[in-house]
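Reviewing the structure listed below.
Residue numbers (the numbering used here): 575 to 1354.
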């Protein structure tokens, strides 16, 4: 309680300092300004999306979509994709507790995989940025939530219009476009403090408008955020703090765009998006050193596990509007560099002497240097026809050339001494090879190139008044080449792996939409999703026993594609006008030839294999109501049940998967509740507001005890509860609010991990502790 009072005091002082100029502006602002959100003024909150590559109200699209405007995300305190997942049933995000915590997984409707090509498409505007799992360091990157027009979460396969990589769905971050006629501005600042942690703060500004009235406009923004840490890195023996609140993070994002209309029907928009994220250390904690019940989180790694993740996206969008026909070209380049340092001290110690992960030598340290380079060129051409009549169509072509390079280099000058002390002989006898130069024990570089050319189209035809049929298809030719070079004791010598894979995919989509009344639409769709196969790195020789135990002479160097067929039915309705809106959908998904990571417990490595079939069943439901003026209530619930449909048993009766085993290790049930009340504070307008947001996730299914890689000490995520409060004043262009995130100070275990079976070193992760702060936003 004392700590909580101190937190409140600190935040109160900081709030006063931060808010002073904004507060004065708010008191004198005209309430007729553009800052008041649609939710508070009671106007229509329908968001226009481009999920079908055409601008439509989300309520008119025959698909399950969660859409968030920037105003709505500000109201709910959304700053990252992790925040979005707590508000979106059916969307799951998981961050591993091992090493730096950079390895993440995002999935929709249970179509989840940590290896191979992505199952969820990640888009900035129309540019795909998702990563293929290459080597041991590849992970997706996500744009931070600032100066976005909206975020669209498209549930279900999007293979027809968005292609391979959107097998389970897609998340699209849509940026504001330059305005040629009017100026606009957006600013946001925030200061917060976390219980037993460091302060967090941010500042960002965006400005746009005409440079030449009606013909040339711009949009530019800059954003910086510091997320303070709350996990201490300590000395394992003495318990002394080596680095307090070590897991801090810094983000810098810059965006700029120009729009030029040389003629009334031609618009050319070059843009660039830059982002750099620096993680100082892992958010994972050691269970044996921490007291989660008291909010005391610690680890005893001997060095920080840091990461730098930087990307930029230059792109050019050209639109030629000929009335009922539009031609659109999008050209982009995605350039990303990710570098990471991992502490391998415990890994190397336990590899030499199982069950003993802790350093035994003075100054003992082992370091893994990891990196990932993405260089993606994409070109898309689309023609869209819509004359306002019964027929509209989108056709297009897509080309991409994606190059990805991953490296891993491990250095451990103490390894030879560890082996000598344990066995009486050295590193050369133990591994069959001595050190590389400068005590390096592993040096690997993996090159992957994916080329894709595709054609796609989707048409809608209104057959009767209210009934529309839709049909679409995408045909893609995909070629993947893979090369890997590895040397050093860990590799067992020199490894050179080469592989190729090529496929032609056909992903159709069919549906029917019935506008039963002006306020009620029902729909049904059938769609196919696809994920390409590929080639992979051969595991080191020291994994041979594990590989042979699974029935393989050696680890495979290629794997096949997998695919889904999704069957969905839904309804979108506002039965009492705008006072109540309901959206619901149910789905049945068949997943075939699933790309699965097979873990090798002795050496801590893995490889990909296609393992059988699975079924994912579930539904999502969302409600929004305005029972009285100023009061808005919302609720959403989602259920996902994704299981294997067959046994996969290899030689020696080794169970890979079992019929009924869960594919998806996220929560089966999610629901969110929200409420906001706007009230008069300084005049007749409803300029004051208070809101509450609550999200719940059920306990994730337990691992299968009959599976070959079952570890009784490894658990999936606990039941989760998150309660956030926010209250403020919204006058004209200025919005100032106080907030408490994680009011209940919930500390669930989000996923236990250990390096090897039998290891006493258990790591875990949890939510950021209770955080109190103030936000000031400006919109013009």
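Just so it is clear, CB atoms sit at the ideal spot from N, CA and C, and this is done for glycine as well. Keep in mind it's a predicted model, so treat the numbers as computed, not measured.
Option in the options with minimal Cα separation from residue i
i: residue 1048; options: 1331, 1142 and 1026; result: 1026
i: residue 1044; options: 1050, 1051, 982 and 1035; result: 1035
i: residue 1039; options: 1267, 659 and 1090; result: 1090
i: residue 1094; options: 1031, 1158, 1112 and 1015; result: 1158
i: residue 1016; options: 1031, 763 and 986; result: 986
i: residue 1156; options: 884, 630 and 634; result: 634
i: residue 858; options: 747, 807 and 782; result: 807
i: residue 1131; options: 1172, 766, 910 and 1111; result: 1111
i: residue 903; options: 1280, 843 and 697; result: 843
i: residue 863; options: 855, 873 and 854; result: 873
i: residue 1080; options: 1096, 1046, 1068 and 1088; result: 1046
i: residue 814; options: 875, 1313, 833 and 1142; result: 875
i: residue 1199; options: 1137, 1209 and 742; result: 1209
i: residue 969; options: 977, 962, 1082 and 956; result: 956
i: residue 1332; options: 1084, 1177 and 841; result: 1177
i: residue 1192; options: 1154, 657, 1143 and 1174; result: 1143
i: residue 1305; options: 1279, 1328 and 1253; result: 1253
i: residue 1012; options: 975, 940, 976 and 962; result: 940
First and last residue of the uninterrupted alpha helix (DSSP H) at residue i
i: residue 660; result: 655-661
i: residue 1123; result: 1118-1123
i: residue 647; result: 644-649
Nearest-angstrom Cβ-Cβ length linking residue i and residue j, presumed shorter than 8 Å
i: residue 1295; j: residue 1274; result: Rounded, the Cβ-Cβ distance is 14 Å, inconsistent with contact.
i: residue 959; j: residue 966; result: 6 Å
i: residue 1022; j: residue 706; result: 6 Å
i: residue 802; j: residue 774; result: 5 Å
i: residue 794; j: residue 724; result: Actually they are not in contact, since the Cβ atoms of residue 794 and residue 724 sit about 19 Å apart, beyond 8 Å.
i: residue 729; j: residue 743; result: 5 Å
Sequence-distant residues of the same chain with beta carbon closer than 8 Å to residue i, five excluded per side
i: residue 861; result: 1326, 1336, 1337 and 1338
i: residue 1237; result: 684, 686, 1165, 1168, 1188, 1190, 1216, 1217 and 1218
i: residue 880; result: 674, 852, 853, 854, 855, 914 and 915
i: residue 1149; result: 1093, 1094 and 1156
Any non-hydrogen atom of the ligand ZN closer than 7 Å to residue i Cβ
i: residue 918; result: For the ligand ZN, the structure offers nothing, since it holds no ligand at all.
Contacting residues, own chain, Cβ-Cβ under 6 Å from residue i (five flanking each side not counted)
i: residue 1009; result: none
i: residue 883; result: 715, 851 and 912
i: residue 1344; result: 769, 1316 and 1319
i: residue 942; result: 916, 918 and 984
i: residue 778; result: 720, 762 and 797
i: residue 1072; result: 1057
i: residue 1264; result: 1251 and 1301
i: residue 890; result: 844 and 905
i: residue 1270; result: 1245 and 1295
i: residue 990; result: 1000 and 1001
i: residue 1113; result: 1129, 1179 and 1181
i: residue 1019; result: 981 and 1059
Unbroken beta strand (DSSP E) run spanning residue i, endpoints
i: residue 893; result: 881-895
i: residue 1311; result: 1308-1315
i: residue 1299; result: 1294-1305
i: residue 746; result: 743-748
i: residue 624; result: From DSSP, residue 624 is part of no beta strand (DSSP E); its letter is neither H nor E.
i: residue 1147; result: 1136-1147
i: residue 900; result: 899-917
i: residue 1103; result: 1094-1105
i: residue 1166; result: 1154-1166
i: residue 768; result: 758-768
i: residue 1353; result: 1345-1353
i: residue 1281; result: From DSSP, residue 1281 is part of no beta strand (DSSP E); its letter is neither H nor E.
i: residue 1184; result: 1179-1184
i: residue 784; result: 773-786
i: residue 1173; result: 1169-1174
Beta-carbon proximity list for residue i, same chain, < 7 Å, skipping 5 on both sides
i: residue 1202; result: none
i: residue 596; result: Note that residue 596 scores a pLDDT of 41, beneath 50, so its modelled location is shaky; the value from the coordinates is reported in the next line. Correct list, in chain order: 1308, 1310 and 1350.
i: residue 737; result: 972, 1028, 1048 and 1050
i: residue 547; result: Because the chain is modelled from 575 through 1354, residue 547 falls outside the range shown and cannot be assessed.
i: residue 700; result: 904 and 954
i: residue 586; result: In this prediction, residue 586 has a pLDDT of 38, which is less than 50 and means its spatial position is unreliable; what the coordinates show is noted afterwards. Correct list: empty, nothing qualifies.
**Any beta strand (DSSP E) of 3 or more consecutive residues that is wholly inside the segment 1193-1275** = 1205-1218, 1222-1224, 1228-1231, 1243-1253 and 1262-1271
**Asked** Which runs of the beta strand (DSSP E) fall wholly inside the segment 664-734 and span at least 3 residues, in chain order?
**Response** List check, beta strand (DSSP E) in window: 665-669, 678-682, 694-698 and 724-729.
**Request:** Only counting runs of 4 or more residues, tell me where the alpha helix (DSSP H) segments fall wholly within the segment 924-1002, in order along the chain.
**Result:** 989-997
**Message:** For a minimum of 3 consecutive residues, which ranges assigned as the beta strand (DSSP E) are wholly contained in the segment 1039-1080?
**Reply:** 1041-1062
**Request:** Write down every uninterrupted run of the beta strand (DSSP E) in the segment 801-848 whose length is 3 residues or greater and which is fully enclosed by it, in chain order.
**Result:** 806-808, 815-817 and 823-837
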